[in-house]
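Chains as they are written, first to last, in my numbering: chain A, 1 to 108; chain B, 1 to 116. Data first, discussion second: the structure below is written as structure tokens.
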Amino acid sequence: DAKTTQPNSMESNEEEPVHLPCNHSTISGTDYIHWYRQLPSQGPEYVIHGLTSNVNNRMASLAIAEDRKSSTLILHRATLRDAAVYYCILRNFNKFYFGSGTKLNVKP
Amino acid sequence: SAVISQKPSRDICQRGTSLTIQCQVDSQVTMMFWYRQQPGQSLTLIATANQGSEATYESGFVIDKFPISRPNLTFSTLTVSNMSPEDSSIYLCSVSTGERGFNEQFFGPGTRLTVL
Numbered sequence: 001d002a003k004t005t006q007p008n009s010m011e012s013n014e015e016e017p018v019h020l021p022c023n024h025s026t027i028s029g030t031d032y033i034h035w036y037r038q039l040p041s042q043g044p045e046y047v048i049h050g051l052t053s054n055v056n057n058r059m060a061s062l063a064i065a066e067d068r069k070s071s072t073l074i075l076h077r078a079t080l081r082d083a084a085v086y087y088c089i090l091r092n093f094n095k096f097y098f099g100s101g102t103k104l105n106v107k108p
Numbered sequence: 001s002a003v004i005s006q007k008p009s010r011d012i013c014q015r016g017t018s019l020t021i022q023c024q025v026d027s028q029v030t031m032m033f034w035y036r037q038q039p040g041q042s043l044t045l046i047a048t049a050n051q052g053s054e055a056t057y058e059s060g061f062v063i064d065k066f067p068i069s070r071p072n073l074t075f076s077t078l079t080v081s082n083m084s085p086e087d088s089s090i091y092l093c094s095v096s097t098g099e100r101g102f103n104e105q106f107f108g109p110g111t112r113l114t115v116l
């Protein structure tokens, strides 16, 4: 199974951009890159996903390296509600393989 | 989207006993998934539950320990059998549905299990 590597924790100031990195050097050509976040005492929720090209949605942007061995989740303006554990995930067909996650702390 | 409920939300059990966790979805879905989240850890996929067929287990998980039922398209159960303290975890079910298909899974709130 492909693996992802993320920093254990990161800190950001409110209303500043946040760049959350993820390494996935063993990614295969058919693996999609997903990001989910988990708020305390809740199940994970979808943030964004991509295959090769950079992606934008209302929540975030996903920047994927040209060789696909790494990616970065970008929160353009962090709010206190964005404090959560962010998981970088590789999807093979219908199965998700979660990374260890990055705990994001947002300071007011 | 999909709304998922789980029962019980939490339980404290004695070693050697079994607990069945229920997962109910508000719409019909083909695939349901069961995950385990050990304390302070990430999520690990236990198995995929398809209606009308046996569940497919991931490496390290076996049917005798984690039997799964999927009687219809909106419901599934996961049983944790012959429990030990190492089984203390949060167990979550999820489904793939909606316009994003396999690209998005919706997760239930989880069942927090403590084994004494």
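Note that CB positions come from ideal geometry on N, CA and C, so glycine has one too.
Exercise for review: Would you mind reading off the limits of the beta strand (DSSP E) that contains M32 of chain B?
Suggested key: The continuous beta strand (DSSP E) containing M32 of chain B extends over residues 31-37.
Exercise for review: Answer yes or no: do L73 of chain A and V106 of chain A have a C-beta to C-beta separation smaller than 9 Å?
Suggested key: Contact flag unset, no.
Review point. Can the beta-carbon of Q51 of chain B be found less than 9 Å from the beta-carbon of T30 of chain B?
Key: It is a contact, given that the beta carbons lie within the stated cut-off.
Review point. Would you call V62 of chain B buried or exposed, if buried means 16 or more other Cβ atoms sit within 10 Å of its Cβ?
Key: That one is exposed.
Exercise for review: For N8 of chain A, name the three-state secondary structure that DSSP assigns.
Suggested key: The answer is coil: DSSP assigns N8 of chain A none of H, G, I, E or B.
Check your understanding: What's the gap between the Cα of H19 of chain A and the Cα of N94 of chain A?
Key -> N94 of chain A has its alpha-carbon roughly 27 Å from the corresponding atom of H19 of chain A.
Practice item. Find the residues of chain B that neighbour N23 of chain A, judging by a C-beta separation of less than 7 Å, and give them in chain order. Key: Close to N23 of chain A, with beta-carbon spacing below 7 Å, lies no residue of chain B; the smallest spacing is near 15 Å.
Practice item. Assign H76 of chain A to buried or exposed, taking buried as 16 or more other Cβ atoms, counted over all protein chains shown, within 10 Å of its Cβ. Key: Classification for H76 of chain A: exposed.
Check your understanding: Within the 9 Å Cβ cut-off, does G29 of chain A reach chain B?
Key -> Chain B, which has no Cβ nearer than 9 Å to the Cβ of G29 of chain A, makes this no.
Exercise for review: Leaving out five residues on either side along the sequence, give the residues of the same chain with a beta carbon under 6 Å from the beta carbon of S12 of chain A.
Suggested key: V18, A78, V106.
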